[in-house]
Structure formats: C-alpha cells, structure tokens
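Working notes, structure below.
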Amino acid sequence: MKDDKTLRLYTWAAGAVAIDQLTKLAARAWLKPDQPVSVIPSFFDLKLSYNSGGAFGVLPDWAPLFIIAALAAIYAIVRLGKVVEGSKILATGLGLLMGGATGNLVDRLTSRFGSVTDFLSFYVTIGSNKYAWPTFNVADIAIVAGAVMVVFYVYTVEKKR
C-alpha cells in the first residue's frame, strides 16, 4: 500500500530532523569551538565546528547555493514520495535523504553565516601524524545512509525487474 510507504518516508524524515537538531543543540550548548572532547582517545572526539561550505567544506561561504540545492532535493523527494510503491528500503532511504537535507537546511537558514553545525570528529593518530575525516553531523549520516539505501534499491531490486 502506497500510504504505508509514504508514512515510512515522512516518519524517517521527521526522525532524522529531530535527532539531528537535538544533537546539534546539545553540541552548541556543551561544546566550545577548538576545544575537542575526547570520547575514544586517538580515534573519536566531539569537536564543535561550523561549516559554511558543502560536504568536506567545499565551496565555503556559498550558503545560498546549498540552500537552493537542499530545497530542490526536498522538493524532488516529496514528488517521488507520492509514487513510492516499490519498497520499504526505498521509502526509508528517501526519508533519510529528506531528513538530512532538511536538518542541514534548518541550520543554514537559522545561523548567522549560513553554516551547518558539525561535531562528530573521527581520526587516526599514527606516530606524530593525525589523519582526520572531516567533522560531520547526524544529518550527514542520514544523507549518506539514505543515499546508500536508494542506490542499493536501484541497483539490486530494480535491476531484477
């Protein structure tokens, strides 16, 4: 039934936005920029930062572009959501994509500089060298997980049809 898949899509989207915004609120309240809190030494810190760019900090200070891109993505997912008949995987993936895009969009629209709050920092220290993955947030996790699910659906489930 299409309504079940649509409900699943919007439930995952709302859940992703809620968790994203609550964790960002906590990060802004409890963390200070440039003062990481070690959770797992030499591997994982909570580190408050503000990203005015896109993924990995590309195109810094292009907030209007990212706002337009997020709105376009959300619009496309809403349109796709009306025809989701395929699977729970597709509905969940689209919901996570929508929730992640919405979570980061809320940040861009409410912050002074159009930036996104990031606070999850993974890295490896080898000798005196530190190799770090760019700091990210829950919305980013939702976007990646949703994209993986949609790609999985398209390349496995749809290919069998």
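For reference, each letter of the sequence shown is one residue, going 182 to 342 in my numbering.
A virtual CB, placed ideally from N, CA and C, is assigned to each residue, including glycine.
If you drop the 5 nearest sequence neighbours on each side, which residues of the same chain put their C-beta closer than 8 Å to that of residue i?
| i | result |
| --- | --- |
| A244 | S233, R289, F294, G295 and S296 |
| L190 | I258, G262, V265, A272, T273, L275, G276 and M279 |
In chain order, what residues of the same chain have a beta carbon less than 7 Å from the beta carbon of residue i, not counting five sequence neighbours either side?
| i | result |
| --- | --- |
| G235 | F247 |
| M182 | Unreliable positioning characterises M182 in this predicted model, as indicated by a pLDDT of 42, which lies under 50. A coordinate reading is not provided. |
| I200 | V319 |
Assuming the contact rule is C-beta atoms closer than 8 Å, residue i and residue j should be a hit. Round their C-beta distance to whole Å, please.
| i | j | result |
| --- | --- | --- |
| N318 | T298 | 6 Å |
| A392 | A210 | No answer is possible for residue 392: the residues shown for the chain start at 182 and end at 342. |
Spatial neighbours of residue i within its chain, please: CB distance less than 6 Å, with the 5 preceding and 5 following residues excluded, ordered by chain position.
| i | result |
| --- | --- |
| G285 | Note on identity: in this sequence residue 285 is Asn, with Gly being the wrong assignment. The residues are V297 and A320. |
| F303 | F225 and W314 |
| V198 | G280, T283 and G284 |
How about residue i and residue j: do their beta carbons lie closer than 8 Å?
| i | j | result |
| --- | --- | --- |
| L227 | V239 | no |
| L212 | L229 | yes |
| I270 | Y231 | no |
Three-state secondary structure (DSSP) at residue i?
| i | result |
| --- | --- |
| N123 | Within the shown structure, residues of the chain are numbered from 182 to 342, placing residue 123 beyond reach of any answer. |
| V239 | coil |
| V287 | helix |
| K263 | coil |
| L212 | coil |
| A199 | helix |
Should residue i be flagged as near chain D, meaning a C-beta pair shorter than 8 Å?
| i | result |
| --- | --- |
| D184 | Among the chains in the structure shown there is no chain D, since it carries only a single protein chain. |
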